[in-house]
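>
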Amino acid sequence: MTSDDLRRQLDAIFNARDRANMAPTIEAFEALLAKHPGDPEVLFKVGGAYDTAGQEQRALEFYERALDAGLGGDSLRAFYLPYGSTLKNVGRIEESLVVFERAREQFPDDAALVVFHALTLHESGQHGAALGEVLTMVADCLDRPEIVRYEPAIRGYAAALTEQA
Numbered sequence: 549m550t551s552d553d554l555r556r557q558l559d560a561i562f563n564a565r566d567r568a569n570m571a572p573t574i575e576a577f578e579a580l581l582a583k584h585p586g587d588p589e590v591l592f593k594v595g596g597a598y599d600t601a602g603q604e605q606r607a608l609e610f611y612e613r614a615l616d617a618g619l620g621g622d623s624l625r626a627f628y629l630p631y632g633s634t635l636k637n638v639g640r641i642e643e644s645l646v647v648f649e650r651a652r653e654q655f656p657d658d659a660a661l662v663v664f665h666a667l668t669l670h671e672s673g674q675h676g677a678a679l680g681e682v683l684t685m686v687a688d689c690l691d692r693p694e695i696v697r698y699e700p701a702i703r704g705y706a707a708a709l710t711e712q713a
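Sequence positions in the sequence shown follow this note's numbering and run 549 to 713.
#1: Give me the DSSP bridge partner(s) of Asn569.
#2: Determine, using beta carbons only, whether Ala597 and Phe627 come nearer to each other than 8 Å.
#3: Quick one: residues in its chain with C-beta nearer than 8 Å to the C-beta of Ala617, no 5 flanking neighbours on either side, listed in chain order?
#4: Measure how close the beta-carbons of Leu661 and Leu709 come, nearest whole angstrom, since I'm counting them as under 8 Å.
#5: Near Asp599, which residues of its chain fall below 7 Å by C-beta distance, leaving aside the five closest residues on each side in sequence?
#6: Mind checking which residues open and close the alpha helix (DSSP H) that includes Ala708?
#7: Could you have a look at Arg625 and say whether DSSP puts it in helix, strand or coil?
#8: Are the CB atoms of Ala526 and Met570 nearer to each other than 8 Å?
#9: Sorted by chain position, which residues of the same chain lie with C-beta nearer than 7 Å to Glu643's C-beta, five sequence neighbours on each side aside?
#10: Give the DSSP-derived three-state secondary structure of Gly602 in the structure shown.
#11: By DSSP, does Val662 sit in helix, in strand, or in coil?
#12: Express the C-alpha separation of Met685 and Thr668 in angstroms, rounding to a whole number.
#13: Kindly give me the distance between the Cβ atoms of Glu701 and Ile695, rounded to whole angstroms, as I take these residues to be in contact under 8 Å.
Here's what the structure looks like:
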């Protein structure tokens, strides 16, 4: 099977998933994993299915195996958010912060990573830093006249909040 064929199978399983009943999706991804036991993409998808099913500890096992197996490129970009978020959700806050910081270094233009990093900062008690990151993202991403007009003030508040952390 070519990597394109495998990718199409992964996409088909993912697109057919029912978030309210993840058992068939998990079963389908696990069947692919049996055929491709070390494939980082398959490991990542299995982890994501368990994560969606609310089985976060089990998901982390597969996420970490995917990373160890050499997950890269766009998949790595997509990986960081659920992995960091799941670490936060199971109480591994410091590890989550490290993951999001690494992700943001590698993918600085990813606004979703900023949001979820801010959620982890908030969870860790760094409320000012969390709000500062979101305000910076607002100033960076929104090109609306009402934001542009107040961009210096927004950036000033963002910097002040981040420095307080």
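The beta carbon of each residue, even a glycine, is placed where N, CA and C say it ideally should be.
Just so it is clear, the structure is predicted and the values come from calculations on it, not from any experiment.
In this structure, then:
#1: Indexing the sequence shown from 1 puts residue 569 at position 21. DSSP lists Asp566 as partners of Asn569.
#2: Locating residue 597 in the sequence shown gives position 49, where the first residue counts as 1. Locating residue 627 in the sequence shown gives position 79, where the first residue counts as 1. No, these two residues do not count as a Cβ contact at 8 Å.
#3: For the purposes of this step, residue 617 is taken as the residue at position 69 of the sequence shown. Excluding positions up to five away in sequence, the list reads Gly586, Asp587, Pro588, Leu591.
#4: If you number the sequence shown from 1, residue 661 lands on position 113. If you number the sequence shown from 1, residue 709 lands on position 161. Contact flag wrong, Cβ pair sits at about 19 Å.
#5: Here residue 599 is taken as the residue at index 51 of the sequence shown, counted from 1. Contacts found: Ala607, Pro630, Thr634.
#6: Residue 708 sits at position 160 when you count from the first residue of the sequence shown. Residue range 699-712 is occupied by the alpha helix (DSSP H) that includes Ala708.
#7: Along the sequence shown, read from residue 1 onward, the residue named residue 625 stands at position 77. The answer is helix: DSSP assigns Arg625 an H, G or I state.
#8: The requested residue 526 is not part of the displayed model; the chain covers only 549 to 713.
#9: The residue you call residue 643 lines up with position 95 of the sequence shown. Excluding sequence neighbours, Glu643 sits near Leu635.
#10: The residue you call residue 602 lines up with position 54 of the sequence shown. Gly602: coil per DSSP, three-state reduction.
#11: Position 114 of the sequence shown holds residue 662. DSSP places Val662 in helix when its eight states are reduced to three.
#12: Counted from its first residue, the sequence shown places residue 668 at position 120. Counted from its first residue, the sequence shown places residue 685 at position 137. About 16 Å.
#13: As a first step, residue 701 must be located in the sequence shown, where it is residue number 153. As a first step, residue 695 must be located in the sequence shown, where it is residue number 147. It is worth fixing the name first, because residue 701 is Ala in this sequence and not Glu. Not confirmed; about 10 Å, so no contact.
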